[in-house]
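To keep things clear, I will list the structure first and then write my remarks on it.
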Amino acid sequence: MKRLLHTVRNTGIWAPALVLVLHEFLSIPGWRTQIDWFNHFAGGLSFTFFAWKCLPLLFPWTGPLTPAGRLAAAFLSGCTAALMWDIGEFASDMLLHTTIQKSLHETMMDLVNGFLGATLCTLVNSLLERRRLTIRS
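First residue of the sequence shown: 189, per my numbering; consecutive thereafter.
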């Protein structure tokens, strides 16, 4: 159990998991339009954080990334996750005949909010990384 908790804390998997749980609890009919932007913003932010925390686990095979490379990879992962989420919504609408995507405007705002979440996480991580490197030297 200790190892599981250590893994959850060190990989940041708790962040996207928390967003998924909140998405389910906050999907109350009538509330969707008021909180949908937050779900997509938090999704982009949380997946970027998760990627940021997990990238060092790949270093034994890939070699270490520069701080800028790690920031770029985490940012692109967050943006990709936001895009894949909306592709999933589109696929659900086409294949399962759901009506998750209401309009092109709503879909584009979902992507923008995911992008903004990824951007905020990247900016915060870059400031923290810069501070860490300054303290080190």
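Cβ coordinates follow ideal geometry from the N, Cα and C atoms, glycine included.
Problem - Best match in 228, 212, 192 for proximity to residue 297 [C-alpha to C-alpha] - result: 228
Exercise for the section: Would you check if the distance between the CB atom of residue 268 and the CB atom of residue 238 is smaller than 8 angstroms? Expected result: no
Handout entry: Close-in-space but distant-in-sequence residues of the same chain around residue 243 (CB under 7 angstroms, 5 per side omitted)
Key = 253, 258, 261, 262
Exercise for the section: Thinking residue 306 and residue 232 are a contact (beta carbons under 8 angstroms), I'd like their distance in whole angstroms, please. Expected result: 4 angstroms
Practice task
Would you list, in sequence order, the uninterrupted alpha helix (DSSP H) runs of no fewer than 4 residues that lie entirely inside the stretch 204-277?
Solution key: 220-242, 247-250
Exercise for the section: Take residue 234 and list the residues in its own chain whose beta-carbon comes closer than 6 angstroms to its own, dropping the five residues that flank it on each side. Expected result: 203, 204, 207
Handout entry: residue 240 vs residue 301 beta-carbon contact at 8 angstroms
Key = no
Problem - Residue range of the alpha helix (DSSP H) that includes residue 284 - result: Per DSSP, residue 284 belongs to no alpha helix (DSSP H) and is neither H nor E.
Handout entry: Outcome for residue 265 when other beta-carbon atoms lying within 10 angstroms are tallied against a minimum of 16
Key = buried
Handout entry: Where residue 249 falls, given that 16 or more other Cβ within 10 Å makes a residue buried
Key = exposed
Handout entry: Simplified DSSP assignment, three categories, for residue 200
Key = coil
Handout entry: Pick from 245, 316, 281, 223 that is closest to residue 195, judged by C-alpha positions
Key = 245
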